[in-house]
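Numbering (my numbering) for the sequence shown: 26 to 183.
For reference, the structure discussed in these notes is given below.
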Amino acid sequence: MKIKYFLTGSTLSLALLSAGTLAEITFRNAITGEPLDLSFAKTGGNPDIFKQFKETGSNPYNGDKEAVKKGHDLFMTACSGCHGHEAEGKLGPGLADDYWTYPANETDKGLFEILFGGANGMMGPQYVNLNTDEMLLIMSWIRDIYKGDPKKAKWLKK
Ligand code: HEC
């Protein structure tokens, strides 16, 4: 009986979520402020996780060990050439400390906006190479290696 009740409960909350009770956040280009057209995203990924992110603005993968590991592998291929293997900074700035050129990176929404839409110069839009799930995985690794002031870790605050 217990199991049955549990199932009913979670089915109900899933139904409520998919009824679209939560509005989606508008993601914007970090430079122009224009809304990002998420339909440009490379196909593939995890629609359920991404939907959750679009509604809450916080990365469901933060703190998830397996996701962090996958994110690390992806970072090595897609980002380390410019940002360094430990994201210590090279051609592009370091991503593990609490100094951000774009302070919006203190939130997952802001970090996603830079990844998806790019910033200046060599920092091009990553939707060309990565699907949105891969972006969230990489973001979880960036949060995991954070060495800055915990007080500035805005993404941890709900
Ligand atoms: C071709 C080189 C290059 C690649 C590849 C690249 N970046 Fe960048 N990145 C840069 C440069 C240069 C900047 C600085 C741009 C600016 O200031 O507008 C930057 C800026 C950033 C910023 C903003 C940092 C801040 O201080 O606000 C983030 C976040 C970032 N990159 C993440 C990534 C991630 C994650 C990847 C891999 C998916 C990646 N970048 C791939 C060159 C690159």
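C-beta atoms are modelled at their ideal positions from N, C-alpha and C, and glycine is treated no differently.
Residue i beta carbon near the ligand HEC (any heavy atom closer than 7 Å)
i, result
"N145", "yes"
"D125", "Asp is not the amino acid found at residue 125; the sequence shown has Trp there. Within the cutoff, so yes."
"L162", "no"
"I139", "yes"
"M148", "yes"
"F100", "yes"
"L116", "yes"
"T110", "First, the amino acid is wrong: residue 110 is His here, not Thr. Flag unset: Cβ of H110 not near the ligand HEC."
"G82", "no"
"N130", "yes"
"G69", "no"
"A103", "yes"
"L61", "no"
"G106", "yes"
"Q77", "no"
"L136", "yes"
"L181", "no"
Bridge partner(s) assigned by DSSP for residue i
i, result
"P60", "R53"
Supposed contact pair residue j and residue i - C-beta distance, whole angstroms, cut 8 Å
i, j, result
"L131", "K177", "The question names Leu, yet the displayed sequence has Glu at residue 131. The Cβ separation is near 6 Å, so the contact holds."
"Y86", "L162", "6 Å"
"D158", "G82", "Not really, about 16 Å apart at Cβ, beyond 8 Å."
"A247", "Y127", "One cannot answer for residue 247 here, as it falls past the ends of the chain, which runs 26 to 183."
Proximity test, Cβ basis, 8 Å: residue i and chain B
i, result
"K67", "No chain B appears in this structure, which consists of one protein chain only."
Can you confirm whether the region 46-58 touches the region 99-108 when touching is taken to mean that 3 or more C-beta pairs between the two stretches lie within less than 8 Å? no
Can we say the region 111-120 touches the region 56-69, given the rule of at least three CB pairs closer than 8 Å? no
Using 8 Å as the threshold, is the region 88-96 in touch with the region 140-148, meaning 3 or more CB pairs across them? Counting C-beta pairs closer than 8 Å gives fewer than three between the region 88-96 and the region 140-148, which falls short of the contact rule.
Within the chosen definition, does the region 122-130 reach the region 68-88 through at least 3 CB pairs nearer than 8 Å? Contact between the region 122-130 and the region 68-88 is absent: fewer than 3 CB-CB pairs across the two stretches fall below 8 Å.
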